[in-house]
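Here the structure comes first, spelled out in structure tokens, and everything after it is commentary.
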């Protein structure tokens, strides 16, 4: 299969969708396919960059076009480059804000029509449009309506053969527009490494909070109640704040230290390279995320824990969703999410996380991607 991915930016470590696209393209190359990537709205450079980016053992051909260029100039150059590569498939990795600073790429579909020229189109919805539930401001409701119109126009303009998304919520939204959408699991951007130490070796029940500093009431209460249960069992309890903004993580740590059952149980890793992150994740008994339950399937930090076989606690519920709305398509992944600070339920979630570990690995996800495209 010969395929070009289109995304917004490809600055390593600065754009989650760009990092995702690079890893998927690299894995597909390792599996024998030809891939390339065009970043059509890259805010991290001022001049065109036509070259390659490394991903593991492979070099991926890339074209990065500066956001400072006009849309006409960017898409004209992209069209010329894609024609030279001559792929059978174009894969649009869609996030509204990746293609327009205000999240309103009104003419994206029109620009891409010339670039496609009869090629088959794959469309990946990393996001759809802003939610605008009860109490939303007039501005938010207007942006939501415009983004929904943009999505509809892109679907009509590109006539994609295959559509994917990470979240059940997004699939429901896109299918309401009349387009069948398949699920594709989000893999982690943290490659697995062999760890010298695991949670079982340390004897410590360690809860990891990866990169996101959140001190919401449900999260703090969850930690406090879980700590009390673990300590009553005679085990050591620890909260590890992994990576993230140093100042924000310290602020979160200070908030947690104010809780009696969490005092002197907080530690920090600071910045870590990806192989170090993998080693640290393996020492955790449980991940804890502030991401609302319905959105878990698009969280890279959640994927990182699950790919390491670590269950994830998700105490936060968005007010527009039910507590039981868990953002995964598969039963094993839903069962790997701990909803309450209960040790017996933790053991069930732990077993499910280990069973689901292989499904969320990048090689499995890439195989599903290929199967869905080649069966058309």
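In the numbering used here, the protein residues as written are 41 to 416. Cβ coordinates follow ideal geometry from the N, Cα and C atoms, glycine included. Bear in mind that the values here come from a model prediction, so they are computed numbers and not experimental data.
(message) Considering Cα atoms alone, identify which of 96, 396, 331 is closest to residue 365.
(response) 331
(request) Go through its chain and collect everything with a Cβ distance to residue 150's Cβ below 7 angstroms, but skip five positions before and after it. (result) 197
(message) Quick check on DSSP: helix, strand or coil for residue 70?
(response) helix
(request) Tell me, please, which residues DSSP counts as bridged to residue 9. (result) With the chain running from 41 to 416 in the structure shown, residue 9 is simply not present.
(message) For the alpha helix (DSSP H) containing residue 210, name the first residue and the last one.
(response) 208–216
(message) Let me check one thing: in DSSP terms, what residues is residue 92 bridge-paired to?
(response) 101
(message) Below 8 angstroms on the Cβ atoms is my contact criterion, and I expect residue 248 with residue 280 to pass it. Report the Cβ-Cβ distance as a whole number of Å.
(response) 5 angstroms
(request) Find out if the Cβ-Cβ distance for the pair residue 344, residue 230 is shorter than 8 angstroms. (result) yes
(request) Closer than 6 angstroms by C-beta to residue 96: which residues in its own chain qualify, once you throw out the five before and the five after it? Chain order, please. (result) 66
(message) Let's test the definition: count the other Cβ atoms within 10 Å of the Cβ of residue 142 and tell me whether it reaches 16, buried, or not, exposed.
(response) exposed
(message) Tell me which residue opens and which closes the alpha helix (DSSP H) that residue 34 is part of.
(response) With the chain covering only 41 through 416, there is no way to say anything about residue 34.
(request) Determine the direct distance from the alpha carbon of residue 274 to that of residue 185, and round the result to whole angstroms. (result) 54 angstroms
(message) With three or more C-beta pairs closer than 8 angstroms as the rule, is the region 336–352 touching the region 292–303?
(response) no
(request) Using alpha carbons as the reference points, say which of 359, 202, 169 lies closest to residue 213. (result) 169
(message) Just list the residues that DSSP pairs residue 383 with in beta bridges.
(response) None; residue 383 has no bridge partner.
(request) Specify the secondary structure class of residue 230 as computed by DSSP and reduced to three states. (result) coil
(request) Rounded to whole angstroms, what's the CA-CA distance from residue 251 to residue 317? Just pull it up for me. (result) 11 angstroms
(message) With DSSP as the reference, identify every bridge partner of residue 248, one or two as the case may be.
(response) 280, 327
(request) Answer with buried or exposed for residue 338, where buried requires no fewer than 16 other C-beta atoms within 10 angstroms of its C-beta. (result) buried
(request) Within 10 angstroms of the Cβ of residue 383, are there 16 or more other Cβ atoms? Answer buried if so, exposed if not. (result) exposed
(request) Go ahead and label residue 167 buried or exposed: buried means 16 or more other beta carbons lie within 10 angstroms of its beta carbon, across all protein chains shown. (result) buried
(request) Give, in chain order, every unbroken run of the alpha helix (DSSP H) that is at least 4 residues long and sits entirely within the region 336–406. (result) 340–347, 371–375, 383–396
(message) Please state the DSSP three-state secondary structure of residue 52.
(response) coil
(message) Going by DSSP in three states, residue 204 sits in which element: helix, strand or coil?
(response) strand
(message) Does residue 90 pass the burial test, meaning 16 or more other C-beta atoms within 10 Å, or should it be called exposed?
(response) exposed
(message) Three or more C-beta pairs under 8 angstroms: does that hold for the region 355–371 against the region 204–212?
(response) yes
(message) Mapping the DSSP letters down to three states, classify residue 79 as helix, strand or coil.
(response) strand
(request) May I have the straight-line CA-CA distance separating residue 92 from residue 138, to the nearest angstrom? (result) 21 angstroms
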